[in-house]
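Residue numbers (the working numbering): 75 to 651.
Glycine is no exception: its CB is placed at the ideal position from the N, C-alpha and C atoms.
One structure is given here, and the rest of the page talks about it.
Shown next, in the form of structure tokens:
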């Protein structure tokens, strides 16, 4: 691996670890209504917004009204984004005079951005006006992230409270997270990106003559930096441009690549410490962070190793893929020369661990085992940091499964953070763990069994199967990245993946909120000699092991049909060359 790649990865992980704790404490203070250094500037705006909406922030609700408010708000978001896309030809800020977005693409996109998935079956600069990019997509980048954190906040209150019939106020949580956390972070980050060359403009495309043929070419620009900032911080991932963060106007330099890669993980990691602070035991937050980091590094090392190695098929043909002053070496197919394979692999692991989905290289061009790792990270349930809010509440569900299994082993009622875990909690946890896997496997099986699903495959055989499997894994777990050889801009995939994204987001959020309500109503159990400590290295290893075992038992057969078979075919072909 090049030394620059090692330095970038080590520095990223170090900064992430150092910055996550203070940011997590800040988010906890916001969610608990404590004053912060931003309160004098933001609280008047918060009160004005809540007053205009007729919301009493002090009025808390049980889990059912909380879930109803969350679902209603997100449904309105879907309808608003759909309407803006269909009407963009008559709306302002459309200098290229783009027409209305097709109904199936508009549905898929509306669901995608509302669910924090940001799957894109369109080319951003050639399909969406500036108004649509800002008023529809960027707005959803903020509020979908805030919705995920709000659901997490409700679950944390379930652990922190005792004998309570309320878990918070959704409207207050949504408003506070958006105004106190997401907007300030995105504003500062956007300014930094602009200073590094990321485009931010309302002007029309630039018309230039090419250097070689002197032909006329339009170069798309737009309000890019403002969208890139929140797409990374909010683990959204949808790019202004079709090539996403591989485009030089979104990610121009190695320094912006470092900052954006760090931003992908930062808030999701910080929420671990938010949990520890809100349950009054910071050791619990560090344990969750450690389990996530353990899984992350375990996936990162082989991914970088594979992609910095030459393609065996090309090596057998005598192609020089060794690092040198003239080339970074390794597998450079589908990668930007300014980033190289190590940085591209780091980004691929970060974006699929964190449910972000933005890309600075084409995952479809990774070597088979290099592509397997991002896919497997998604299939683990997006709990290795995961989406903001959703990643941690997914990992907390796995923590409940872990203490349940440990309780069976020692014959005691399982407990976590002072709450006994009983039959109802395990039923809700089982739904959260099993539903995404069912959506992935059933959706993939249908798609590869019908002509509409196979008609737009970019590749036959094992790689074509991997493209479909990746698409449904990405949709069900709200990631949004793709093996882009699959042609998904058609009614079949727009509809199938749209429904999968809806189910993967909201059919999981409901049992999580039900868990929050059940836990909040419980009394706090006293720790005894048989209580499993959940802040120790042993628990960290147990938790990580349960996540891997569940993922392996569920998806290894499907992965064997896709990237594993493709790897064996590639090495066999190289050996016989």
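Opposing strand residues paired with residue i [DSSP bridges]
i	result
residue 490	493
residue 409	435
residue 135	242
residue 297	274
Three-state class that DSSP yields for residue i in the structure shown
i	result
residue 291	strand
residue 311	coil
residue 166	coil
residue 324	coil
residue 214	helix
residue 574	helix
residue 458	coil
residue 525	helix
residue 355	coil
residue 235	coil
residue 360	helix
residue 401	coil
residue 196	coil
residue 394	coil
residue 485	coil
residue 227	helix
residue 638	helix
residue 382	coil
residue 78	helix
residue 465	helix
residue 172	coil
residue 470	helix
residue 191	coil
Closest residue to residue i among the options (Cα-Cα distance)
i	options	result
residue 159	268, 201, 133	201
residue 384	407, 197, 367	407
residue 232	626, 495, 305, 96	495
residue 220	551, 174, 342, 161	342
residue 628	127, 81, 450, 365	450
residue 300	288, 290, 258	258
residue 246	105, 602, 587, 172	105
residue 366	468, 598, 421	468
residue 638	446, 412, 305, 453	446
residue 497	592, 403, 529	592
residue 209	167, 192, 191, 346	167
residue 554	538, 572, 539	572
residue 371	420, 323, 577, 528	420
residue 465	91, 339, 151	339
residue 161	203, 506, 529, 124	203
residue 344	187, 362, 522	362
residue 292	281, 286, 302, 285	281
residue 436	429, 428, 427, 405	405
residue 99	149, 542, 609, 349	349
residue 83	328, 190, 397, 448	328
residue 145	616, 172, 582	582
residue 650	475, 387, 90	387
Nearest-angstrom Cβ-Cβ length linking residue i and residue j, presumed shorter than 8 angstroms
i	j	result
residue 134	residue 242	6 angstroms
residue 568	residue 182	4 angstroms
residue 491	residue 308	Residue 491 to residue 308, Cβ: 27 angstroms. No contact.
residue 316	residue 198	6 angstroms
residue 298	residue 276	With 8 angstroms as the limit, residue 298 and residue 276 do not qualify as a contact, their Cβ atoms being about 11 angstroms apart.
residue 493	residue 409	Not quite, the Cβ-Cβ distance comes to about 47 angstroms (not below 8 angstroms), so this is no contact.
residue 381	residue 432	With a Cβ gap of about 17 angstroms, residue 381 and residue 432 do not count as contacting.
residue 477	residue 369	No, residue 477 and residue 369 are not in contact; Cβ-Cβ is about 18 angstroms, not under 8 angstroms.
residue 185	residue 196	At roughly 13 angstroms, the Cβ-Cβ gap does not stay under 8 angstroms, so residue 185 and residue 196 are not in contact.
residue 255	residue 101	6 angstroms
residue 551	residue 456	5 angstroms
residue 587	residue 228	6 angstroms
residue 438	residue 557	4 angstroms
residue 296	residue 266	Not really, about 19 angstroms apart at Cβ, beyond 8 angstroms.
residue 458	residue 427	4 angstroms
is_contact[residue i, chain C] using C-beta, thresh 9 angstroms
i	result
residue 479	Judged by its chain identifiers, the structure shown contains no chain C, having just a single protein chain.
beta-carbon residue i near the ligand NAD non-hydrogen atom, thresh 8 angstroms
i	result
residue 233	Within the structure as shown, the ligand NAD is missing, as the structure has no ligands at all.
Inset, instruction - Any chance you could list the alpha helix (DSSP H) runs of at least 4 consecutive residues sitting entirely within the stretch 416-441, in chain order? - result: Within the stretch 416-441, complete alpha helix (DSSP H) segments of at least 4 residues are not found at all.
Inset, instruction - Identify every run of the beta strand (DSSP E) within the stretch 249-295, keeping only runs that are complete inside it and at least 3 residues long; order them along the chain. - result: Listed in chain order, they are 280-283, 290-293.
Inset, instruction - With a floor of 3 residues, list each beta strand (DSSP E) that falls wholly inside the stretch 84-154, ordered by position along the chain. - result: Note on the stretch 84-154: there is no whole beta strand (DSSP E) run with a minimum of 3 residues.
Legend entry - Segments of 3+ residues assigned as beta strand (DSSP E) that fall wholly inside the stretch 561-624: Correct list: empty.
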